[in-house]
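Trainee:
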């Protein structure tokens, strides 16, 4: 099998036991995830509403860890916050919005 297929296809034997203890052991050995962790850096506790880390100048966390639950997709979060950051910089520096000659 190619690497792209084996990444999502298990070559391990299937679980065939009805014992909850055996099922628990099987899961501990075989269950994993490739999903992004959510809730480790939530807005309000670690970062403010602008995703700035409390007590750290110039550091932001803009990813799925800022949500307790996934809203389904996070693909646009970084783009949205990036646009907001650029808007803040343009407001803070009137020269930043000026085109180069």
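In full-length UniProt numbering, the protein residues as written are 1 to 101. Heads up, the beta-carbon is just placed ideally off N, CA and C, and yes, glycines get one too.
1. If the criterion is Cβ atoms closer than 9 Å, does the pair residue 66 and residue 31 meet it?
2. Provide the residue span of the alpha helix (DSSP H) that contains residue 22, from first to last.
3. Quick one: does the C-beta of residue 87 sit closer than 8 Å to a heavy atom of the ligand HEM?
4. Please go through the same chain and pick out, in chain order, the residues whose beta-carbon is closer than 8 Å to the beta-carbon of residue 48, but skip the five residues on each side of it.
5. Hey, residue 75 and residue 63: beta-carbon distance below 9 Å or not?
6. Counting C-beta neighbours from all protein chains within 10 Å, is the total for residue 80 16 or more, i.e. buried, or is it exposed?
7. Measure from the alpha carbon of residue 84 to the alpha carbon of each residue in 58, 59, 70 and 50, then state which is nearest.
8. If you measure between the beta carbons of residue 26 and residue 18, is that distance less than 9 Å?
9. Measure the C-alpha to C-alpha separation of residue 88 and residue 14 and round it to an integer number of angstroms.
10. Helix, strand or coil for residue 57, going by three-state DSSP, please let me know.
Mentor: Per the coordinate set shown:
1. Within the chain shown, residue 66 is the residue found at index 66, counting from 1. Within the chain shown, residue 31 is the residue found at index 31, counting from 1. Contact flag unset, no.
2. Residue mapping note: residue 22 aligns to position 22 of the chain shown, counting from 1. 20-30 is the span of the alpha helix (DSSP H), which, as asked, contains residue 22.
3. What this structure holds is no ligand at all, so the ligand HEM is not there to describe.
4. Translated into positions along the chain shown, residue 48 becomes position 48. Excluding sequence neighbours, residue 48 sits near 54.
5. Position 75 of the chain shown, counting from 1, holds the residue named residue 75. Position 63 of the chain shown, counting from 1, holds the residue named residue 63. The answer is no: Cβ separation not under 9 Å.
6. The count along the chain shown starts at 1 and reaches residue 80 at position 80. Residue environment: residue 80 is assigned as exposed (fewer than 16 neighbouring CB atoms within 10 Å of its CB, all protein chains considered).
7. Counting from 1 along the chain shown, the entry for residue 84 is found at position 84. Residue 50 is the option with its Cα nearest to residue 84.
8. As a first step, residue 26 must be located in the chain shown, where it is residue number 26. As a first step, residue 18 must be located in the chain shown, where it is residue number 18. No, the pair does not count as a contact, with Cβ atoms beyond the cut-off.
9. In the chain shown, the residue the question calls residue 88 occupies position 88. In the chain shown, the residue the question calls residue 14 occupies position 14. Residue 88 and residue 14 have their C-alpha atoms roughly 54 Å apart.
10. As a first step, residue 57 must be located in the chain shown, where it is residue number 57. Reduced to three states, the DSSP call for residue 57 is coil.
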